[in-house]
Amino acid sequence: MDALTDILNTLRMSSSLYFRTNLTAPWGVEVPAKGAVARFHIVIRGNCWLQVGNETEWTPMANGDLVIVPHGTSHRLVNEKTTEARPLDDVLQEVGFTGSGPLVYGGGGAGCTLVCGELAFDALGVHPLLENLPGKLYVSGDTSYNAKWLDSAIGFIGHEAAKLDPGAHAIICRLSEIILIQVIRTYLATSKEIVPFLSAFTSSRIGKVLSAIHAEPAEDWTVERLGQMANMSRSSFSNHFAELVGMSPLQYIIFVRLQLASRLLIETSKPLINIAENIGYRSEAAFSQVFKRQYGIRPGEFRRSHTRIVS
468 MDALTDILNT
478 LRMSSSLYFR
488 TNLTAPWGVE
498 VPAKGAVARF
508 HIVIRGNCWL
518 QVGNETEWTP
528 MANGDLVIVP
538 HGTSHRLVNE
548 KTTEARPLDD
558 VLQEVGFTGS
568 GPLVYGGGGA
578 GCTLVCGELA
588 FDALGVHPLL
598 ENLPGKLYVS
608 GDTSYNAKWL
618 DSAIGFIGHE
628 AAKLDPGAHA
638 IICRLSEIIL
648 IQVIRTYLAT
658 SKEIVPFLSA
668 FTSSRIGKVL
678 SAIHAEPAED
688 WTVERLGQMA
698 NMSRSSFSNH
708 FAELVGMSPL
718 QYIIFVRLQL
728 ASRLLIETSK
738 PLINIAENIG
748 YRSEAAFSQV
758 FKRQYGIRPG
768 EFRRSHTRIV
778 S
């Protein structure tokens, strides 16, 4: 399994469809901030403007455009930049929206149809992959994406959102998860600047090391071994890894191990000593010490504080 796949699996994404909109000018909506989610908006018909967080610039959006706000930052969608954006909750209350059917709102002018939704991440999913994504990920419908499937996926989402046949929400949610992954992959491939953590995936040497660590987190890794894998000297490898990943090789190994451990603590009933051995520690005491240093509590306390799903 490659590193990016393992990280995305660890984040445990879950999608939900907000609604399909029938908005008519003048209209403006402010979506409130929400932690541990990525929100998306797809323009199916018409035009609008987007402004994210404290940004001063506005992004024009038209048919086929897609935007993902990966940090759950508040943002505004309006028909014109001069239109006031009202809080989303106020709009929903005003029109009596119950979650069934489209959200119909506005002054009766030019129309705009959006499909809006969110992808939630596990509360444990605070990860540098997400933290270092930009404030918005925008894909224009006017430009050719690196695969025609995105146009088809967006069109399919629009079709399903319009009809809402049985199973439509499930289809939209699965497609939105796939779209987020592909947009992240494309961002990684096209970014021309060094972005903390994210740029590590575009380095063939460091990417190879990341995949090895994620495939075998319990392995007795050393900086020397990993440097040899990258065909670099120990010092050059260590410096280059830290520059791209944002932590030293050994720090990252511990990070990956504890991410896996936290998941095993929540989702299984395995004894602590078995979890310790699964992630590369020979004793429960050593595992507990490292875990507490990272999370502030011991593994047993962590398990008791979370809902357990016994395997």
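In my numbering, the protein residues as written are 468 to 778. Ideal Cβ positions, reconstructed from N, Cα and C, are used throughout, including at glycine.
Check: So R760 is in the beta strand (DSSP E); what residue range does that whole segment cover?; Outcome: No beta strand (DSSP E) holds R760; the alpha helix (DSSP H) holding it covers E751 to Y762.
Check: Does the Cβ-Cβ distance between R724 and G747 come in under 7 Å?; Outcome: yes
Check: Kindly list the residues whose CB is nearer than 6 Å to the CB of Y612, restricted to its own chain and excluding five residues on each side of it in sequence; keep chain order.; Outcome: Here the model assigns Y612 a pLDDT of 48, short of 50, so the residue's position is not dependable and the matter cannot be decided.
Check: What is the DSSP secondary structure of E734, counted as helix, strand or coil?; Outcome: helix
Check: Can P569 and N514 be called in contact, C-beta distance under 7 Å?; Outcome: no
Check: Which residues does DSSP pair with T580 in a beta bridge?; Outcome: R512
Check: Quick check on I680: buried or exposed, where buried means 16 or more other Cβ atoms within 10 Å of its Cβ?; Outcome: buried
Check: Can you find the residues in the same chain that come closer than 6 Å, C-beta to C-beta, to Q518, ignoring five residues on each side of it along the sequence?; Outcome: W525 and R543
Check: According to DSSP, is N476 part of a helix, a strand, or is it coil?; Outcome: helix
Check: Three or more C-beta pairs under 8 Å: does that hold for the segment 651-659 against the segment 577-593?; Outcome: no
Check: Would you list the one or two residues that DSSP bridges to P554?; Outcome: E497
Check: For A728 and A743, I'd like the C-alpha separation in whole angstroms.; Outcome: 8 Å
Check: Give every residue of the same chain whose Cβ lies closer than 8 Å to the Cβ of G608, excluding the five residues on either side of it in the sequence, and list them in chain order.; Outcome: V510, A529, N530, G531, D532, L533, D618 and I621
Check: Count Cβ pairs between the segment 629-638 and the segment 547-560 that sit closer than 8 Å; are there 3 or more?; Outcome: no
Check: With a CB to CB cut of under 6 Å and the five nearest residues on each side skipped, what residues in its chain are close to G578?; Outcome: T491 and G513
Check: Give me whichever residues DSSP pairs with A587 in a beta bridge.; Outcome: S481 and V504
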